[in-house]
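Going by this note's numbering, the letters in the sequence shown line up with residues 4 to 165, in that order.
All residues carry an ideal CB built from backbone N, CA and C; glycine is no exception.
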Amino acid sequence: MDWDASEGNPQATLSQFANLGGLRSLGKAKVSAVAATSDKRGQDGADRVTTVTVTNTSAKPIVGFFVRTDIRRGNANGTERAGDNQVTSDLWNDNDVTLWPGESQTLSVSYSSADLRGTTPVVSVSGWNVGKVDVAAPDTNAARAAQQRAATAHGVLHIGGK
C-alpha cells in the first residue's frame, strides 16, 4: 500500500500484489467438530447459543486454511435440511479461522430460535482446503459435555475462543 499516494483519497492505491498461487497446491486438511446448543439471551433478540469446537485432525502437517462455520436448519442426525437452510440472524464470536494439525478453536454463535423453524441446529464446517463437515448441535447435557471434552482435550493446542 502506498499510503502517501492514498492520503485524502477514499480508494487505496496498491503498489504491489502478493502471489497467493501457492494456496492452490495446499493438500486437503481434515477437521472434526463437536457442537452443542443452549438457551441464552444475546444481542438483537437472540435467545440461543451454539458452541462448536473445530479441531484439525490431519495426520500430515497440512494447515486448515480459512475454516468457516455456519449455523443451519437441519435434522437430528446432523444433516442439513434441503433448500435455503442457513440461519441468517446469527452473530459469531469468530469465523474463518486457520488451524494447524493438532490445533482446535472453540467458536460460538448466538441467534434467534425462531429462525430454526422447529428444526435442529446443525453446524456446517468447510474451508479453502477442507471438505464440508456437518454436525448436529443438540440442546442436551450429553452434547454440552461432549463439546466441553473436545474444547479441553489433552494433546490438542486450543486457540482463542472460550
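Where residue i sits in the DSSP three-state scheme
i: residue 165; result: Any answer about residue 165 is weak, because its pLDDT of 48 lies below 50 and its placement is not dependable; what the coordinates show is given next. Correct three-state label for residue 165: coil.
i: residue 150; result: helix
i: residue 21; result: coil
i: residue 42; result: strand
i: residue 59; result: strand
i: residue 29; result: coil
Close beta carbons around residue i, own chain, < 7 Å, minus the five adjacent residues each side
i: residue 123; result: 77, 78, 79, 139, 141
i: residue 69; result: 99, 101, 130, 131
i: residue 120; result: 76
Rounded separation between residue i and residue j - CA only
i: residue 117; j: residue 32; result: 34 Å
i: residue 18; j: residue 137; result: 41 Å
i: residue 149; j: residue 71; result: 21 Å
i: residue 41; j: residue 21; result: 43 Å
i: residue 165; j: residue 25; result: In this prediction, residue 165 scores a pLDDT of 48, lower than 50, which makes its location untrustworthy; the coordinate-derived value is nonetheless stated afterwards. Between residue 165 and residue 25, the C-alpha separation is close to 32 Å.
i: residue 49; j: residue 83; result: 21 Å
i: residue 44; j: residue 28; result: 43 Å
i: residue 159; j: residue 105; result: 5 Å
i: residue 144; j: residue 152; result: 12 Å
i: residue 65; j: residue 103; result: 7 Å
Sub-9 Å separation of residue i and residue j beta-carbons
i: residue 184; j: residue 99; result: No answer is possible for residue 184: the residues shown for the chain start at 4 and end at 165.
i: residue 110; j: residue 56; result: yes
i: residue 39; j: residue 53; result: yes
i: residue 166; j: residue 127; result: The first residue shown for the chain is 4 and the last is 165, placing residue 166 beyond what the model contains.
i: residue 97; j: residue 163; result: yes
i: residue 133; j: residue 34; result: yes
Cβ neighbours of residue i in the same chain (closer than 6 Å, five flanking residues each side left out)
i: residue 161; result: 107
Close-in-space but distant-in-sequence residues of the same chain around residue i (CB under 8 Å, 5 per side omitted)
i: residue 155; result: 161
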